[in-house]
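S.K.: I have a structure here, written as structure tokens, and I will follow up with some questions on it.
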Amino acid sequence: MLPALLLAALLQDPFPPLPPEAEIRVDEVIDVELQQLYVTVTRPSGSAVLDLTAADFAILDNGEPQAVSTFSRGELPLSAVLLLDASASMEGPRLRTAAEGVKAFVSRVLPQDEVSVMLFSDELLMRTPFSNDAATLLTPVEGVAARGGTAINDHLYLALRDLDGRLGRRVMVLLSDGVDVESTLGMEDVRWAARGSQALLYWIRLQETSRGRIERSSAWRDRNGHEEQLRLLETAVTESGGRVEVIPDIGEVGAALQKILRELREQYVLGYQPTRNHGDGSWHKLEVRVRGGHKARTREGYFDR
Amino acid sequence: MPRSAFALALVLALPAAAQPADHLSFALQTRPLRGLQGPIATLLTTGQEGGGLPMAALAVPASEPDEKGRFAVPILVEIEGNGLLTGRRPGDEILRVEIYAYAMGADGAVNDYLAQGMSLDLARVGEAVLDSGIKFVGTVDMPAGAGSLRVLVVDPDTLRYSLRVLPLTVPSASAGPILLPPLFSDPRGRWVLARPGEAAEELERSLAPLLMDEGWGLPSSLPLLAGGRTRRVTLLGRGLPAEPSVTLEIRTEAGKQVLALPGTVIERSRTSGLAPEQLACDFDLPKLETGRYRANILVTGLVTGGSSNVKTPELTVLYLSENPLTEEPTWAQLRRLGGERAPPPVAATEAPKGRRRNAELERIARQGYEEALRGFASGTPMDQVVSRLGDMEAGLYRQSPQSAEALREVELETAQRLARGDPEVLLPLALLHAELYRSLRVRKELYLAESARRTSADLAAAYAERGGSESVAAQALLSLAADLLASGVQSASRSMLDRALALDGRNEAVGLFLAASAERDGDYPRAVDILERLVQSHPGSAEARLRLGVNLDRVGKTAQARETLQRLISEPVPEWVKTVAFQELVRLQLRDGRQDRAVALLRQAVARLPNQTQLAVQLAYLLERQGSASAAREVLARIKPRPQATDGSPRHRYGQWPTAALDQVRRSLTQQSILRLAALARALGKS
Chain R
1 MLPALLLAAL LQDPFPPLPP EAEIRVDEVI DVELQQLYVT VTRPSGSAVL
51 DLTAADFAIL DNGEPQAVST FSRGELPLSA VLLLDASASM EGPRLRTAAE
101 GVKAFVSRVL PQDEVSVMLF SDELLMRTPF SNDAATLLTP VEGVAARGGT
151 AINDHLYLAL RDLDGRLGRR VMVLLSDGVD VESTLGMEDV RWAARGSQAL
201 LYWIRLQETS RGRIERSSAW RDRNGHEEQL RLLETAVTES GGRVEVIPDI
251 GEVGAALQKI LRELREQYVL GYQPTRNHGD GSWHKLEVRV RGGHKARTRE
301 GYFDR
Chain G
306 MPRSAFALAL VLALPAAAQP ADHLSFALQT RPLRGLQGPI ATLLTTGQEG
356 GGLPMAALAV PASEPDEKGR FAVPILVEIE GNGLLTGRRP GDEILRVEIY
406 AYAMGADGAV NDYLAQGMSL DLARVGEAVL DSGIKFVGTV DMPAGAGSLR
456 VLVVDPDTLR YSLRVLPLTV PSASAGPILL PPLFSDPRGR WVLARPGEAA
506 EELERSLAPL LMDEGWGLPS SLPLLAGGRT RRVTLLGRGL PAEPSVTLEI
556 RTEAGKQVLA LPGTVIERSR TSGLAPEQLA CDFDLPKLET GRYRANILVT
606 GLVTGGSSNV KTPELTVLYL SENPLTEEPT WAQLRRLGGE RAPPPVAATE
656 APKGRRRNAE LERIARQGYE EALRGFASGT PMDQVVSRLG DMEAGLYRQS
706 PQSAEALREV ELETAQRLAR GDPEVLLPLA LLHAELYRSL RVRKELYLAE
756 SARRTSADLA AAYAERGGSE SVAAQALLSL AADLLASGVQ SASRSMLDRA
806 LALDGRNEAV GLFLAASAER DGDYPRAVDI LERLVQSHPG SAEARLRLGV
856 NLDRVGKTAQ ARETLQRLIS EPVPEWVKTV AFQELVRLQL RDGRQDRAVA
906 LLRQAVARLP NQTQLAVQLA YLLERQGSAS AAREVLARIK PRPQATDGSP
956 RHRYGQWPTA ALDQVRRSLT QQSILRLAAL ARALGKS
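Protein sequence lines correspond, in order, to chains R and G. One point on numbering: in our numbering, the residue at position 74 of the first sequence is 74, and numbering is uninterrupted. One point on numbering: in our numbering, the residue at position 26 of the second sequence is 331, and numbering is uninterrupted.
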């Protein structure tokens, strides 16, 4: 693999003066790929801590301390996919209410941010291009009627792949009650894909119709199977550095989305160059510690690819 | 610790049409109870058993005390739905129920109590409640020793109630040998289950002694035993003999022993060192006169130092002389057999007084019914006839809720009279009442709807019994059963489907519905059994073959599953069937670790079925796993959204009730009904 920085250096000047008959040789591949961590820091009360410096953070990669090489807070552009469950349970005003929430979210993103809205049931119903223009993002939603079943896993995977190659912080926000019935992929497959991406996953979990306990089997999974899928979804969200926001009523979608947006704005972005990467596909466990007894939340690891 | 808490009700059987299949439970409005007032306090204080609400209760103490030395006692309360809903005002949307349980010591002191109120949305769960009832579970704490539980259920709107007193001995942790009350399993998924809104894990822990079947099931508080059946009973105990013998002892309510039946210990287990031992026993039940009895299990055998002889506490059971061949819950069986009459309904407005008034109501009902039938026979559209009948029934019911049963009797009598000359007239009448059921449901006339549903099923059965086409009768029952399944009414619908299958074992749609129903219950062996027979009689049924392929793998017959699915992908079958067959074959390949073959199969599938998004997603994922990220991106780039309505994804379609066959059945039934209207007109002319 050509080291990213070397490539960048080569491309910096479009017409570098080359010595005659020069031969470029690479004696050693130096992996200088930057790992970026989005870190939410909170006090025990839950309020955000906003006045930290790079010196206040310690990064442990597989237990080994790492030097923080880049540091900022909140201003990195966002690329977000809002993945809305539009299955039959969202029929009528519920989908419109969710769309209103999306509208409020979109109205607050910054000019450098980009958002894509994806509606799904057991099929992909609608997908907008990445944009920060409210009309581009919301007009197509109006033409879709909620229908059908729920295939969360398949569409989470699609959303993650849509985020591939987008600039800035990649964020995926799922709005659903979380019970997948008809996906062809299992949540363990999605978790693998999520671990390989640097996307932050948030799940706005509608709990007005579900207590989080599955009481019945479906044609595709028994009760234990459904519970396992739910558990894995929670795990995937948590280990990405995101979180589950439980809302009791669809009317609270807008507030939940804004809370997530505020949290993203308040995040610290730490960059470091891992000292022991071999590109062997192994899982690296990450930990971020903060001075002052504050709680830091970030993704739990990454694949060394 | 007194408990006065919010209740949360979870519905095990939800309307598939009204609710998407993935909504498996929902909360209902709840409210706290502050304690006892007036007559309720008096009732509980006297401890006088009685009341009109059909209710039964069961309590099983935990085996280990808490840090204060008290034992959690989970309580199961079953309230029969029909009796609970009798007399509700038409259009009532909320059903309120209050449950009190008082744990009394031998000295009469109250050790603990539970006071729970709940409100059920009748539009959403009314039919399921009506079909079976409410199963409530909660816990109280008690010290070791003898005592009792006073369980009171009250309908605060009508002030109907029921009080039961359960003698209860909580054995200390060191006591032994000991047996707790026997647990008779109950068909699962057929009750509306209500429980306190505690955290699920905490609740599961406190209810542990009551949970059966790996936490899936709750026992029955009024077990049903039937001659000719094998009944599984779970015994919980301590200090039991190494090689126990088990005997089911049955006594009449007066105390005379009528049966001492040896059983077989199937399994002996213990979940942890301190937990009680569990003995799973089977009893092959002989015939016994139908009725209520008292039952206990005697466990005997040798223990260190001699022989042991220990009995479970007694439990009331219902014994049916014959195997009823259905899996209906006890209360539904009771109702069907007429063994437990619902209490008289409470008048909503002006209560009818005397026979004269009832006779007058019956006359109006008969006249109105016959007039509606004349319109029907002379070509008035079905919806208009149904609307008229619905208006009449609702009007009479408003005058007197007692008229519901009278109306049903009038209608059945009239139908039987009209069918004397020609039983064919029963078919259009069965269909008319099925339509009336649908209409009354929409109008939220719950009680009348159930009455119409029962009438329709009775007329269809009568049609077959009196020489009508069994195949057509089976279709009528299927049509009605499908409606019930869509409303979450499971036990009645399955009984109807069983009945339909008995009438016409070759009916494809009936077989598909029963198999789909077994799948949803996780009863894969039964699904396979039904589907194997179905495929034999309908080798061309692609859906039956697909479901068979899927379920064969679930019961471990993977080679047969693979063969069945393989055939489907190479034959001209509907696209959704082929897609699912491909997906399942891929899953089998992946399970065998053959990723390359799975990818090859998916490439073939995507080429042949380019519109099937899920195949593309599956292929992209596998390509990515193989390290071909760019190939994966290429596949994903071809996926296009589908904003307009479609038939849904193949996997969604598989998870739905098999309505394609049903639509055909309904069309055929409508035609058959029209053909018989002339016979109905003739019968009306003669009457």
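Don't be surprised by glycine CBs; every beta carbon is placed ideally from N, CA and C. Quick caveat: nothing in here was measured; it's all calculated off a predicted structure.
Say whether the region 218-227 of chain R touches the region 823-839 of chain G, bearing in mind that this needs 3 or more beta-carbon pairs closer than 8 angstroms, one atom from each stretch.
M.R.: As far as the Cβ criterion goes, the region 218-227 of chain R touches the region 823-839 of chain G, which means the pair count is three or higher.
S.K.: Among residues of its own chain, excluding the 5 on either side of S477(G), which ones have a beta-carbon nearer than 6 angstroms to its beta-carbon?
M.R.: As a position in the second sequence, residue 477(G) is number 172, starting the count at 1. Closer than 6 angstroms at Cβ, skipping near neighbours: A449.
S.K.: Please report the straight-line C-alpha distance between A367(G) and Q562(G), rounded to a whole angstrom.
M.R.: Working through the second sequence from its first residue, we reach residue 367(G) at position 62. Working through the second sequence from its first residue, we reach residue 562(G) at position 257. Rounded to whole angstroms, A367(G) to Q562(G) spans 30 angstroms at the Cα level.
S.K.: Tell me which same chain residues have a C-beta within less than 6 angstroms of the C-beta of A600(G), skipping the five on either side of it?
M.R.: Within the second sequence, residue 600(G) is the residue found at index 295, counting from 1. Once the five neighbours on either side are set aside, the close Cβ partners of A600(G) are I555, L620 and V622.
S.K.: A670(G) and E750(G): beta carbons closer than 7 angstroms?
M.R.: Counting from one through the second sequence, the residue named residue 670(G) turns up at place 365. Counting from one through the second sequence, the residue named residue 750(G) turns up at place 445. No; because the gap between Cβ atoms is not below 7 angstroms, this pair is not in contact.
S.K.: Looking at the strands, I want to know which residues DSSP matches up with F120(R).
M.R.: On the first sequence, residue 120(R) is found 120 positions in, with the first residue counted as 1. According to DSSP, F120(R) bridges with D85(R) and L124(R).
S.K.: Which class does S107(R) belong to by DSSP, given the choice of helix, strand or coil?
M.R.: On the first sequence, position 107 is the one that residue 107(R) refers to. Three-state DSSP puts S107(R) in a helix.
S.K.: Looking at A925(G) and the ligand HEM, is the gap between the Cβ and the nearest heavy atom below 6 angstroms?
M.R.: Looking for the ligand HEM in the displayed structure turns up nothing, as the structure carries no ligands at all.
S.K.: Let me make sure I understand the geometry here. Which of R205(R), R276(R) and R305(R) has the alpha-carbon closest to that of L83(R)?
M.R.: By one-based count along the first sequence, residue 83(R) stands at place 83. Cα-wise, what sits closest to L83(R) is R205(R).
S.K.: Can you give me the C-alpha to C-alpha distance between N240(R) and A199(R), rounded to a whole angstrom?
M.R.: Taking the first sequence and counting its residues from 1, the one referred to as residue 240(R) is at position 240. Taking the first sequence and counting its residues from 1, the one referred to as residue 199(R) is at position 199. The sequence given here places Ser at residue 240(R); Asn does not occur at that position. S240(R) and A199(R): Cα-Cα distance of roughly 7 angstroms.
S.K.: Can you find a C-beta in chain R that's less than 7 angstroms from the C-beta of Y829(G)?
M.R.: Counted from its first residue, the second sequence places residue 829(G) at position 524. No - not a single Cβ of chain R is within 7 angstroms of the one on Y829(G).
S.K.: Is it true that the region 271-290 of chain R meets the region 92-112 of chain R, where meeting means three or more beta-carbon pairs spaced less than 8 angstroms apart?
M.R.: Verdict: no, contact absent.
S.K.: From the beta carbon of I979(G), is the nearest beta carbon of chain R less than 7 angstroms away?
M.R.: The sequence position of residue 979(G) within the second sequence is 674, counting from 1. Judged by the 7 angstroms Cβ criterion, I979(G) is not in contact with chain R.
S.K.: Closer than 8 angstroms by beta-carbon distance: list the chain G residues that pair up with P134(R), in chain order.
M.R.: On the first sequence, residue 134(R) is found 134 positions in, with the first residue counted as 1. Note that residue 134(R) corresponds to Ala in the displayed sequence, not to Pro. The contacting residues do not exist; A134(R) stays about 19 angstroms from chain G at best.
S.K.: Report the residue from Y38(R), G46(R) and E64(R) whose alpha carbon sits nearest the alpha carbon of T70(R).
M.R.: Indexing the first sequence from 1 puts residue 70(R) at position 70. The option with the nearest alpha carbon to T70(R) is Y38(R).
S.K.: Report the CB separation of Q871(G) from L890(G) in whole angstroms; it is logged as a contact under 8 angstroms.
M.R.: Along the second sequence, one-based indexing puts residue 871(G) at 566. Along the second sequence, one-based indexing puts residue 890(G) at 585. Rounded, the Cβ-Cβ distance is 7 angstroms, consistent with contact.
S.K.: Could you please tell me which residues of the region 941-956 of chain G, in chain order, have their CB closer than 7 angstroms to any CB of chain R?
M.R.: Of all residues in the region 941-956 of chain G, L941, I944, P946, R947, P948, A950, T951, G953, S954 and R956 have a Cβ within less than 7 angstroms of some Cβ in chain R.
S.K.: Along the chain, where does the alpha helix (DSSP H) containing S550(G) start, and where does it finish?
M.R.: By one-based count along the second sequence, residue 550(G) stands at place 245. Where S550(G) is concerned, there is no enclosing alpha helix (DSSP H), although the beta strand (DSSP E) it sits in stretches over S550 to T557.
S.K.: Tell me where the alpha helix (DSSP H) around N256(G) begins and ends.
M.R.: Nothing in the structure corresponds to residue 256(G), since chain G is present only between 306 and 992.
S.K.: Does H1029(G) come out as helix, strand or coil in the three-state DSSP assignment?
M.R.: Nothing in the structure corresponds to residue 1029(G), since chain G is present only between 306 and 992.
S.K.: Look at the alpha carbon of R902(G) and the alpha carbon of G292(R), and state the distance between them as a whole number of angstroms.
M.R.: Indexing the second sequence from 1 puts residue 902(G) at position 597. Indexing the first sequence from 1 puts residue 292(R) at position 292. Approximately 55 angstroms between the Cα atoms of the pair.
S.K.: Determine whether the beta carbon atoms of A925(G) and A937(G) lie at a separation below 7 angstroms.
M.R.: Taking the second sequence and counting its residues from 1, the one referred to as residue 925(G) is at position 620. Taking the second sequence and counting its residues from 1, the one referred to as residue 937(G) is at position 632. In this structure, A937(G) lies closer than 7 angstroms to A925(G) by Cβ.
S.K.: Can you pull out the residues from the region 126-158 of chain R whose beta carbon lies closer than 8 angstroms to at least one beta carbon of chain G?
M.R.: Listed by position along the chain: M126, R127, P140, G143, V144, A145, R147, G148, G149, T150, A151, D154, Y157 and L158.
S.K.: What are the residues that DSSP puts in a beta bridge with H284(R)?
M.R.: Against the first sequence, residue 284(R) aligns to sequence position 284. Answer is Y302(R), bridged to H284(R).
S.K.: For L593(G) versus Y624(G), is the C-beta distance shorter than 7 angstroms?
M.R.: As a position in the second sequence, residue 593(G) is number 288, starting the count at 1. As a position in the second sequence, residue 624(G) is number 319, starting the count at 1. Going by C-beta atoms, L593(G) is nearer than 7 angstroms to Y624(G).
S.K.: For a test of the three-state rule: what should DSSP assign to D809(G), helix, strand or coil?
M.R.: Position 504 of the second sequence holds residue 809(G). Correct three-state label for D809(G): coil.
S.K.: If I measure Cβ to Cβ from A765(G) and keep anything under 6 angstroms in the same chain, skipping five residues before and after, which residues do I get?
M.R.: As a working mapping, residue 765(G) is identified with position 460 in the second sequence. A735, A778, A781 and L782, listed in sequence order.
S.K.: Distance cutoff 7 angstroms, beta carbons only. Does T97(R) sit that close to anything in chain B?
M.R.: Protein chains R and G are contained in the structure displayed, whereas chain B is not.
S.K.: Run through chain G and tell me which residues come within less than 7 angstroms of D189(R), C-beta to C-beta.
M.R.: Position 189 of the first sequence, counted from the start, is the residue given in the question as residue 189(R). Neighbours of D189(R) on chain G, chain order: Y926.
S.K.: Let me make sure I understand the geometry here. Which of S121(R), D189(R) and A134(R) has the alpha-carbon closest to that of Q949(G)?
M.R.: Taking the second sequence and counting its residues from 1, the one referred to as residue 949(G) is at position 644. Per the Cα distances, S121(R).
S.K.: Just checking: is the beta-carbon of E182(R) within a distance shorter than 7 angstroms of some beta-carbon in chain G?
M.R.: To locate residue 182(R), count along the first sequence from 1; it is residue 182. Answer yes: the Cβ-Cβ gap between E182(R) and chain G drops below 7 angstroms somewhere.
S.K.: Spatial neighbours of T975(G) within its chain, please: CB distance less than 8 angstroms, with the 5 preceding and 5 following residues excluded, ordered by chain position.
M.R.: On the second sequence, position 670 is the one that residue 975(G) refers to. Once the five neighbours on either side are set aside, the close Cβ partners of T975(G) are L736.
S.K.: Please go through the same chain and pick out, in chain order, the residues whose beta-carbon is closer than 8 angstroms to the beta-carbon of A849(G), but skip the five residues on each side of it.
M.R.: Translated into the one-based positions of the second sequence, residue 849(G) becomes position 544. Same-chain partners within the cutoff: E813, G816, L817, A820, L836, L839, V840 and H843.
S.K.: Is the Cβ of E123(R) closer than 7 angstroms to any Cβ of chain G?
M.R.: What you label residue 123(R) is simply residue 123 of the first sequence in a count that begins at 1. Yes - at least one Cβ of chain G is within 7 angstroms of the one on E123(R).
S.K.: Which full runs of the beta strand (DSSP E) of 3+ residues lie inside the region 834-880 of chain G, going along the chain?
M.R.: Counting whole runs of 3 or more residues, the region 834-880 of chain G contains no beta strand (DSSP E) stretch at all.
S.K.: Quick one: list the residues of chain R neighbouring T918(G), beta-carbon separation under 7 angstroms, in chain order.
M.R.: Mapped onto the second sequence, residue 918(G) falls at position 613. Near T918(G) (Cβ distances below 7 angstroms), the residues of chain R are E123 and L124.
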